[in-house]
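Participant: Please see the structure below; I have some questions.
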Amino acid sequence: MVAVEAVNALTGDVMAREQVEVAGKEQVLTALGGVASRLREKLGESLASIQKFDVPLPRATTPSLEALHAYALALDEGRVNVRLEAIPHLKRAIELDPDFAMALALLSGVYANTNQTAMAPDSSRRAFALQERASERERFFIAWRYYRDAVQSWDKALELAQSWTATYPREAFAFNSLGVAYLFLGRYDRAIEPFQQAMRLDPKFVPPPSNLAGAFMALNRYAEAGAALKEGAARETEFSGGHRIAYLLAFIAHDQAAMFEHLNASVGIGTTNAAFGWQAHVAAFGGGVSAAHEQFRRGVQLALQGGFTEVAAQLSVEDAEVQAIAGRCVESSKEVSEGLGLSRDNFSLERASRALALCGANREAAALVSELVRRYPDATFTHRVSLPLTAAIGAMRRSDWSRMLGILEPVKPYDHAPSSEFWPAYLRGQAQMGMKRPVEAAAEFQTILDHRGEAPLSPLYALAQLGVARAAAMSGQGDKAREAYDTFLNLWRGADSPLPLLREARLERGRLQ
Numbered sequence: 004m005v006a007v008e009a010v011n012a013l014t015g016d017v018m019a020r021e022q023v024e025v026a027g028k029e030q031v032l033t034a035l036g037g038v039a040s041r042l043r044e045k046l047g048e049s050l051a052s053i054q055k056f057d058v059p060l061p062r063a064t065t066p067s068l069e070a071l072h073a074y075a076l077a078l079d080e081g082r083v084n085v086r087l088e089a090i091p092h093l094k095r096a097i098e099l100d101p102d103f104a105m106a107l108a109l110l111s112g113v114y115a116n117t118n119q120t121a122m123a124p125d126s127s128r129r130a131f132a133l134q135e136r137a138s139e140r141e142r143f144f145i146a147w148r149y150y151r152d153a154v155q156s157w158d159k160a161l162e163l164a165q166s167w168t169a170t171y172p173r174e175a176f177a178f179n180s181l182g183v184a185y186l187f188l189g190r191y192d193r194a195i196e197p198f199q200q201a202m203r204l205d206p207k208f209v210p211p212p213s214n215l216a217g218a219f220m221a222l223n224r225y226a227e228a229g230a231a232l233k234e235g236a237a238r239e240t241e242f243s244g245g246h247r248i249a250y251l252l253a254f255i256a257h258d259q260a261a262m263f264e265h266l267n268a269s270v271g272i273g274t275t276n277a278a279f280g281w282q283a284h285v286a287a288f289g290g291g292v293s294a295a296h297e298q299f300r301r302g303v304q305l306a307l308q309g310g311f312t313e314v315a316a317q318l319s320v321e322d323a324e325v326q327a328i329a330g331r332c333v334e335s336s337k338e339v340s341e342g343l344g345l346s347r348d349n350f351s352l353e354r355a356s357r358a359l360a361l362c363g364a365n366r367e368a369a370a371l372v373s374e375l376v377r378r379y380p381d382a383t384f385t386h387r388v389s390l391p392l393t394a395a396i397g398a399m400r401r402s403d404w405s406r407m408l409g410i411l412e413p414v415k416p417y418d419h420a421p422s423s424e425f426w427p428a429y430l431r432g433q434a435q436m437g438m439k440r441p442v443e444a445a446a447e448f449q450t451i452l453d454h455r456g457e458a459p460l461s462p463l464y465a466l467a468q469l470g471v472a473r474a475a476a477m478s479g480q481g482d483k484a485r486e487a488y489d490t491f492l493n494l495w496r497g498a499d500s501p502l503p504l505l506r507e508a509r510l511e512r513g514r515l516q
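Counting from 4, one number per residue, gives the positions in the sequence shown under this note's numbering.
As structure tokens, this is what we get:
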């Protein structure tokens with residue numbers, strides 16, 4: 004027996020009921036579709052409307068009841084929340100029905116949001132090709148995953164999310180997606196309202212509170228970021244992204260106990276262990292490059308033990324970039340090789356190309372750039388941020404300052420996007436210093452200092468402080484230069500003593516006595 008009831012959401016009263024007997028489970032979905040059509044007629048929908056919009060349920064979802072059951076197990080109380088434990092259920096659903104579009108799209112989303120981005124595009128492309136099997140509402144979700152995970156076109160993702168929220172103004176996931184698009188594009192002020200609306204529409208939907216906190220943090224509105232996380236905790240919407248934002252806020256506030264608490268909640272069995280990168284970046288922020296390397300290596304080992312190869316690769320290339328910034332190019336090259344030997348996702352390729360360029364390995368960097376252009380032709384941040392940054396670093400190595408500024412000019416609309424991580428402003432500052440224009444250089448470096456919340460762990464924050472000091476010294480502002488040097492040296496008070504940057508800064512400060 005299959006029965007369907009229409010219930011008044013406000014009163015709980017049953018408004019209409021239909022039922023039918025079925026011979027076996029193979030007929031359940033087909034029978035359910037027929038029952039639903041009759042129920043719609045009872046509720047007042049016209050026959051013409053039913054005939055126009057009716058699609059047999061097996062074709063709209065899956066003909067396999069077992070696949071539908073596996074898909075249901077992957078959901079979080081009916082919500083498409085990101086959970087690592089959903090992966091085996093989604094794989095089972097797809098094994099039972101390879102054309103199950105929503106299962107494919109959700110699997111793509113889980114991969115993309117758990118640092119397994121290289122595994123997402125195949126699923127999202129397959130789902131997109133099958134989207135005619137889905138309802139209009141589901142097609143928005145499928146297209147979102149396609150433009151976000153496979154194509155990585157954030158212009159199209161934003162346009163889609165705007166249409167989605169207009170079409171389904173009660174859809175929490177749609178508003179969260181709109182906020183995410185604004186967030187990734189660095190338009191943090193525009194992201195706030197969509198996230199708040201998503202929270203109003205579905206208080207139990209996991210991502211919006213931590214996403215909202217991330218937007219507030221990027222705007223240096225730390226108290227509001229903390230309040231958003233507390234609201235999410237009160238709603239029992241536990242999410243690893245929330246622990247990351249809480250960790251960053253604690254780091255900014257110098258709250259070691261809170262940092263330890265949120266790190267412990269984010270590592271261990273059943274996690275990707277990507278959070279070990281947080282500790283590594285904290286060490287690198289203060290010039291502790293050797294300590295950072297040890298933490299990165301620990302994260303790599305644990306990620307590999309858990310089967311998260313791409314996470315291990317990303318930690319390796321993050322290590323490579325830190326080493327390259329510090330001038331330790333032998334170590335950087337080793338980490339690039341190890342990381343790209345594990346995964347050649349675009350995050351790893353982009354960061355590796357930057358590390359190689361910093362160390363003057365132009366041929367190797369150019370090869371990675373060519374691979375990125377070939378494999379990711381429409382990826383917004385690959386082409387509008389990462390590739391120009393690598394090119395600008397190459398020009399910096401040649402002291403071609405005007406060329407650097409020309410390369411970086413089109414990047415300005417994305418200066419504050421998370422993927423930029425202060426690099427455009429930092430490189431412009433370096434170019435201005437090379438051209439002996441300290442006032443313009445100081446303005447670029449100050450931009451970084453004024454927007455710390457955008458990338459709290461970036462090693463470029465401390466280096467921007469050094470840039471301000473050098474620019475002030477060049478322009479004859481002795482008092483300002485001394486203060487800025489002292490601030491930098493305090494930030495790097497635990498730095499590795501052999502680092503050339505540290506030795507240079509101490510010598511420069513000494514000349515200003």
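Note that the Cβ used here is the ideal one computed from N, Cα and C, for glycine as well.
Note that this is a predicted model, so its numbers are computed, not measured.
1. Could you give the distance in angstroms between the alpha-carbon of Arg496 and the alpha-carbon of Gly289?
2. Can you tell me whether DSSP reads Val270 as helix, strand or coil?
3. Secondary structure at Phe103, three-state DSSP: helix, strand or coil?
4. Tell me the rounded alpha-carbon separation between Ala444 and Ala287.
5. Using a Cβ-Cβ cutoff of less than 8 Å, which residues in the same chain neighbour Ala327 once the five nearest sequence positions on both sides are dropped?
6. With DSSP run on the structure shown, which of helix, strand or coil describes Trp495?
7. List the endpoints of the continuous alpha helix (DSSP H) containing His296.
8. Can you tell me whether Leu510 is buried or exposed? The criterion is at least 16 other CB atoms within 10 Å of its CB, across all chains shown.
9. Do three or more CB pairs link the stretch 149-160 to the stretch 301-319 at distances below 8 Å?
10. What separation, rounded to the nearest whole angstrom, lies between the Cα atoms of Pro413 and Gly432?
11. To the nearest angstrom, how far is it from the Cα of Ala498 to the Cα of Gly291?
12. What is the rounded straight-line gap between the Cα of Arg455 and the Cα of Leu494?
13. Relative to the C-alpha of Gln282, which residue among Ser166, Pro459, Leu87 and Pro503 is closest?
14. If distances are taken between C-alpha atoms only, which option among Met399, Leu87 and Pro503 comes closest to Met438?
15. For the alpha helix (DSSP H) containing His284, list its first residue and its last residue.
16. Can you grab the Cα-Cα spacing for the pair Met262 / Phe279, in whole Å?
17. Rounded to a whole number of angstroms, what is the C-alpha to C-alpha distance between Glu367 and Ala329?
18. Under a three-way DSSP split, which group does Met438 fall into?
19. Please go through the stretch 125-171 and give each complete alpha helix (DSSP H) segment of 4 or more residues, from N-terminal end onward.
20. Shorter than 8 Å from the beta carbon of Asn118 to some beta carbon of chain D?
21. How would you write the range of the alpha helix (DSSP H) that Tyr379 sits in, first residue to last?
22. Report the residue ranges of all alpha helix (DSSP H) runs contained in full by the stretch 407-490; include only those spanning at least 4 residues, in chain order.
23. Return the chain-ordered list of same chain residues with a C-beta closer than 6 Å to the C-beta of Ala115, the five sequence neighbours on each side being excluded.
24. Could you tell me the distance, in whole angstroms, from the CA atom of Ile195 to the CA atom of Leu163?
25. Going by Cα to Cα distance, which pick from Glu139, Val285 and Ala130 is closest to Tyr464?
26. Do you know offhand how far Gln308's Cα is from His92's?
27. Quick check: the stretch 134-148 against the stretch 90-107, are at least 3 beta-carbon pairs closer than 8 Å?
28. How would you call Gly235, buried or exposed, if buried means at least 16 neighbouring beta carbons within 10 angstroms?
29. Would you grab the beta carbon distance between Arg148 and Ser127 for me? Rounded to a whole angstrom, and I think it's under 8 Å.
30. Which same chain residues, not among the five before or five after Gln1, have their C-beta less than 8 Å away from its C-beta?
31. Helix, strand or coil for Gln119? Go by DSSP, reduced to three states.
32. Mapping the DSSP letters down to three states, classify Cys362 as helix, strand or coil.
33. So is Asp322 buried or exposed if we call it buried at 16+ other beta carbons inside 10 Å?
34. Could you round the C-beta distance between Ala428 and Leu408 to whole angstroms and report it? I think they count as a contact, below 8 Å.
35. Between which residues of its own chain and Ile410 is the CB-CB distance below 6 Å, once the five residues before and five after are set aside?
Facilitator: Here's the rundown:
1. Counting from one through the sequence shown, the residue named residue 496 turns up at place 493. Counting from one through the sequence shown, the residue named residue 289 turns up at place 286. Between Arg496 and Gly289, the C-alpha separation is close to 7 Å.
2. Here residue 270 refers to the residue found at position 267 when the sequence shown is read from its first residue. Here DSSP, grouped into helix, strand and coil, assigns Val270 to coil.
3. Along the sequence shown, read from residue 1 onward, the residue named residue 103 stands at position 100. Here Phe103 sits in coil by DSSP.
4. Residue numbering aside, residue 444 sits at position 441 when the sequence shown is read from its first letter. Residue numbering aside, residue 287 sits at position 284 when the sequence shown is read from its first letter. Ala444 and Ala287 have their alpha carbons spaced roughly 24 Å apart.
5. On the sequence shown, position 324 is the one that residue 327 refers to. Result list for Ala327: Ser335, Arg357, Ala358, Leu359, Leu361 and Cys362, in chain order.
6. Start at 1 with the first residue of the sequence shown, and residue 495 comes out as number 492. DSSP, read as helix, strand or coil, puts Trp495 in coil.
7. Sequence index remark: in the sequence shown, residue 296 carries index 293 (1-based). In the DSSP annotation of this structure, the continuous segment of the alpha helix (DSSP H) that includes His296 starts and ends at Val292 to Gln308.
8. Along the sequence shown, read from residue 1 onward, the residue named residue 510 stands at position 507. Per the 10 Å Cβ criterion, exposed.
9. No: fewer than three Cβ pairs fall under 8 Å.
10. Walking along the sequence shown from the start, residue 413 turns up at place 410. Walking along the sequence shown from the start, residue 432 turns up at place 429. Straight-line measurement puts the Cα of Gly432 at about 16 Å from the Cα of Pro413.
11. For the purposes of this step, residue 498 is identified with residue 495 of the sequence shown, where counting begins at 1. For the purposes of this step, residue 291 is identified with residue 288 of the sequence shown, where counting begins at 1. In this structure, the straight-line span from the alpha carbon of Ala498 to that of Gly291 is close to 5 Å.
12. Working through the sequence shown from its first residue, we reach residue 455 at position 452. Working through the sequence shown from its first residue, we reach residue 494 at position 491. It is roughly 14 Å from the alpha-carbon of Arg455 to the alpha-carbon of Leu494.
13. Within the sequence shown, the letter at position 279 stands for residue 282. Residue Pro459 is the option with its Cα nearest to Gln282.
14. Here residue 438 refers to the residue found at position 435 of the sequence shown. Distances from the alpha-carbon of Met438 to those of Met399, Leu87 and Pro503 put Met399 closest.
15. Here residue 284 refers to the residue found at position 281 when the sequence shown is read from its first residue. Its alpha helix (DSSP H) spans residues Phe279 to Phe288.
16. Residue numbering aside, residue 262 sits at position 259 when the sequence shown is read from its first letter. Residue numbering aside, residue 279 sits at position 276 when the sequence shown is read from its first letter. Pairing Met262 with Phe279, the inter-Cα distance amounts to about 12 Å.
17. Within the sequence shown, residue 367 is the residue found at index 364, counting from 1. Within the sequence shown, residue 329 is the residue found at index 326, counting from 1. Whole-angstrom Cα-Cα distance: 19 Å.
18. In the sequence shown, counting from the first residue as 1, residue 438 sits at position 435. Coil.
19. Restricting attention to alpha helix (DSSP H) runs no shorter than 4 residues, the stretch 125-171 encloses them at 139-148 and 157-170, ordered along the chain.
20. Here there is only one protein chain, and chain D is not present.
21. As a first step, residue 379 is located in the sequence shown; it is residue number 376 there, counting from the start. Membership of Tyr379 in any alpha helix (DSSP H) is not indicated, and neither H nor E is assigned to it by DSSP.
22. Listed in chain order, they are 426-437, 441-453 and 463-477.
23. Translated into positions along the sequence shown, residue 115 becomes position 112. Counting only Cβ-Cβ distances below 6 Å, and skipping sequence neighbours, we find Ala123 and Asp152.
24. The residue labelled residue 195 in the question sits at position 192 within the sequence shown. The residue labelled residue 163 in the question sits at position 160 within the sequence shown. Cα-Cα distance, rounded: 18 Å.
25. Translated into the one-based positions of the sequence shown, residue 464 becomes position 461. For the residues Glu139, Val285 and Ala130, the minimum Cα distance to Tyr464 belongs to Val285.
26. As a working mapping, residue 308 is identified with position 305 in the sequence shown. As a working mapping, residue 92 is identified with position 89 in the sequence shown. Note on geometry: alpha-carbon atoms of Gln308 and His92 lie some 22 Å from one another.
27. Enough Cβ pairs lie closer than 8 Å, so yes.
28. Here residue 235 is taken as the residue at index 232 of the sequence shown, counted from 1. By the beta-carbon neighbour count (other beta carbons within 10 angstroms, threshold 16), Gly235 is buried.
29. The residue you call residue 148 lines up with position 145 of the sequence shown. The residue you call residue 127 lines up with position 124 of the sequence shown. The pair is a contact, with the Cβ atoms about 4 Å apart (cut-off 8 Å).
30. Within the shown structure, residues of the chain are numbered from 4 to 516, placing residue 1 beyond reach of any answer.
31. Counting from 1 along the sequence shown, the entry for residue 119 is found at position 116. DSSP places Gln119 in coil when its eight states are reduced to three.
32. Residue numbering aside, residue 362 sits at position 359 when the sequence shown is read from its first letter. Looking at Cys362 - three-state DSSP - the assignment turns out to be coil, as it is neither helix nor strand.
33. Locating residue 322 in the sequence shown gives position 319, counting from the first residue. Buried.
34. Taking the sequence shown and counting its residues from 1, one reaches residue 428 at position 425. Taking the sequence shown and counting its residues from 1, one reaches residue 408 at position 405. Not confirmed; about 12 Å, so no contact.
35. Locating residue 410 in the sequence shown gives position 407, where the first residue counts as 1. Within the same chain, and ignoring the five residues on either side of Ile410 in sequence, the residues whose Cβ sits closer than 6 Å to its Cβ are Pro391, Ala394 and Ala395.
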